[in-house]
Structures are given as C-alpha cells and as structure tokens.
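**Student:** Going by the numbering used here, the first residue of the sequence shown is number 84, and it counts up by one from there.
Positions of the beta carbon are idealized from the N, C-alpha and C atoms, including for glycine.
None of these values were measured; they are calculated from a predicted model.
Handing you this structure, nothing more for now.
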Amino acid sequence: MIRDILIHPDPRLKKPCEQIAAPTAEIAQIAADMLETMYDAPGIGLAAPQIGVMKRLIVMDCIKDGTPEPMVLLNPEVTWSSEDLSTYEEGCLSIPDQYADVKRPAAVTVRWMALDGSAQERTFHGLWATCVQHEIDHLDGKLFIDYLGPLKRQMITRKMEKLKRERARS
Ligand code: NI
C-alpha cells in the first residue's frame with residue numbers, strides 16, 4: 084500500500100526513532116509499503132518516520148538502470164566512515180523539489196538487522212553511501228537541510244510551509 088509521505092516541517096521528522104526489538108509480520112508489511120511508496124514517488128530511499136512510523140527502519144534502492152536492488156535495513160548503524168568526503172546534490176521526498184550539495188564520508192560500513200532477523204554488514208560507496216547516511220539521519224530526526232547554512236535552510240522551510248498550505252487548500 085502506498086503511504087502518505089510527511090512533508091517538512093513536521094515534528095515527527097525531528098524526533099529520534101525507536102529500536103526494533105525483533106522483525107515481525109507488521110514490520111515486514113511496513114517495509115513492503117515503504118518500498119512501494121519509494122518506487123512510486125519515485126525516490127532512492129525512504130525512512131520510516133517519513134510515513135509517520137517512529138521506528139528504526141529504512142529502505143533504499145540506488146540502482147537507476149538495470150535490475151532493481153531493494154534493500155530493507157532494521158536498526159542500521161554506521162560502524163566505520165571513510166576520511167575521504169564526497170559531495171552529492173541531495174534531495175528528500177519530505178522536501179519536494181529542493182536540492183542542495185551535502186558533503187559526507189565517501190564510504191561507510193553499516194551494520195543492520197535483516198527482515199529474517201539475521202545480522203548484516205556492508206560497506207557502501209558512491210550514491211549508496213550518501214543515501215544510507217541520509218536515511219539513517221532521518222532516524223535521528225535529522226534532515227539534509229540541517230547541513231546547510233541557516234538562511235538557506237529557512238528559505239527552504241518557508242517554501243515547504245507554503246507548499247503545505249497550498250496542498251491543504253486544494
Ligand atoms: Ni530524506
């Protein structure tokens with residue numbers, strides 16, 4: 084089922100999310116809905132708080148052309164970050180049509196729990212590294228605009244407030 088994506092500013096996008104004790108059928112259903120919602124948007128990543136579920140769960144697929152590679156990560160945690168940084172122009176499904184350069188570690192190792200309960204670990208590079216860090220930030224109530232200067236951040240926030248007013252009216 085496609086879920087509504089919360090638009091910034093929203094208090095739920097600023098709050099830290101809870102650890103998931105164990106994968107359940109309910110968590111699997113939320114993950115399936117999140118992937119469907121992400122592909123429909125379309126986007127390359129989505130975090131549970133973006134659909135109002137305050138749990139540490141993210142989905143992503145950074146393959147643009149070729150066989151899709153949907154990933155579901157429960158309780159993802161960065162265990163290593165490269166000293167090398169890289170800059171990507173980031174966007175966010177909760178901040179539609181706004182993009183800005185963000186500098187982050189170029190590679191990160193992430194540990195997480197899969198839907199079958201198994202422990203996983205992988206080192207991500209390139210767009211995958213940026214995406215996984217952006218999505219984990221969501222679980223800590225952090226948005227990519229928090230990396231920008233206050234003026235740019237306020238400008239984007241005002242545009243989003245206006246967008247929400249317009250959507251509420253129509
Ligand atoms: Ni985002």
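#1: Would you report the Cα separation of Ala190 and Arg252, rounded to the nearest angstrom?
#2: In angstroms, rounded to a whole number, what distance separates the CA positions of Leu246 and Ile88?
#3: Could you work out which residue in Glu160, Glu119, Ile178 and Ala108 is closest to Arg236 when comparing CA atoms only?
#4: Compute the beta-carbon to beta-carbon distance between Cys175 and Phe227, rounded to the nearest angstrom, for a pair I have assumed lies under 8 Å.
#5: Would you call the CB atoms of Met84 and Glu109 closer than 9 Å?
#6: Among the residues of its own chain, which have a CB less than 6 Å from the CB of Gly128, if the five just before and after it don't count?
#7: Is Gln203 helix, strand or coil by DSSP?
#8: Express the C-alpha separation of Pro94 and Ala111 in angstroms, rounding to a whole number.
#9: Does the beta carbon of Gln133 fall short of 8 Å from some heavy atom of the ligand NI?
#10: Please state if the CB of Met117 and the CB of Leu140 are separated by a distance shorter than 9 Å.
#11: Which runs of the beta strand (DSSP E), 3 residues or longer, sit entirely within the stretch 131–197?
#12: What residue range is occupied by the uninterrupted alpha helix (DSSP H) comprising Cys214?
**Tutor:** Well, looking at it:
#1: 43 Å
#2: 14 Å
#3: Ile178
#4: 6 Å
#5: no
#6: Met143, Cys214 and Glu218
#7: strand
#8: 25 Å
#9: yes
#10: yes
#11: 140–143, 154–164, 168–175, 178–188 and 190–196
#12: Gly209 to Leu222
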